[in-house]
Amino acid sequence: EIHAHHVDGIALALMTRMSHGIIWKTLQNGLHRRCPRCGVGPLFDGWMTIRDRCPKCGLVYEPGAGDTWAFWIIADRIPIAIAIGAVYFGMGPRSWTQGALVIAAVTIVLVATVPQRIGLVTALDYLSRCWWPDEEKAA
Numbered sequence: 012e013i014h015a016h017h018v019d020g021i022a023l024a025l026m027t028r029m030s031h032g033i034i035w036k037t038l039q040n041g042l043h044r045r046c047p048r049c050g051v052g053p054l055f056d057g058w059m060t061i062r063d064r065c066p067k068c069g070l071v072y073e074p075g076a077g078d079t080w081a082f083w084i085i086a087d088r089i090p091i092a093i094a095i096g097a098v099y100f101g102m103g104p105r106s107w108t109q110g111a112l113v114i115a116a117v118t119i120v121l122v123a124t125v126p127q128r129i130g131l132v133t134a135l136d137y138l139s140r141c142w143w144p145d146e147e148k149a150a
């Protein structure tokens, strides 16, 4: 469980039971497309339509529109950056056929992992809200 406390006007997150891996469990819940807080409620209605809140614990997944954009940029761009790096350092395709196959493979992986990446993004947003609570929204 994560508790937020304020010291000298700065929000600090004090984590209890850190040895139990609360951060990793939260990220794992997100990757399994479950609520980052309770791990029980489903994150989606369908394949990639995110719910407003967890039906089990009531956590609002995205309290403000666009709250997860920074994490989404990171989760979306890292696989592409790895592919670009591989080509840059000479590990890329040697012919147009290989190039087309690599692009197709990267595209398939990116599309197939959209729900897991959205879950990870939602979990990262939840952790960031625990670490740096928004005092304006809490009031």
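Under the working numbering, the first residue of the sequence shown carries the number 12, and numbering increases by one thereafter.
The C-beta atom is built at its ideal place from N, Cα and C for all residues, glycine as well.
Cβ-Cβ distance between Val51 and Lys36 below 8 Å: As a position in the sequence shown, residue 51 is number 40, starting the count at 1. As a position in the sequence shown, residue 36 is number 25, starting the count at 1. No, these two residues do not count as a Cβ contact at 8 Å.
Any beta strand (DSSP E) of 3 or more consecutive residues that is wholly inside the segment 50 to 137: none
Three-state secondary structure (DSSP) of Arg140: Locating residue 140 in the sequence shown gives position 129, counting from the first residue. DSSP places Arg140 in helix when its eight states are reduced to three.
Beta-carbon proximity check, Arg64 vs Asp56, cutoff 8 Å: If you number the sequence shown from 1, residue 64 lands on position 53. If you number the sequence shown from 1, residue 56 lands on position 45. It is not a contact, given that the beta carbons lie outside the stated cut-off.
For Gly41, the first and last residue of its enclosing alpha helix (DSSP H): Stepping through the sequence shown from its first residue, residue 41 is reached at position 30. Ile33 to Leu42 is the span of the alpha helix (DSSP H), which, as asked, contains Gly41.
For Ala115 and Tyr139, the rounded distance between their alpha carbons: Mapped onto the sequence shown, residue 139 falls at position 128. Mapped onto the sequence shown, residue 115 falls at position 104. Looking at the sequence shown, residue 139 is not Tyr but Ser. Answer to the nearest angstrom: the Cα atoms are 34 Å apart.
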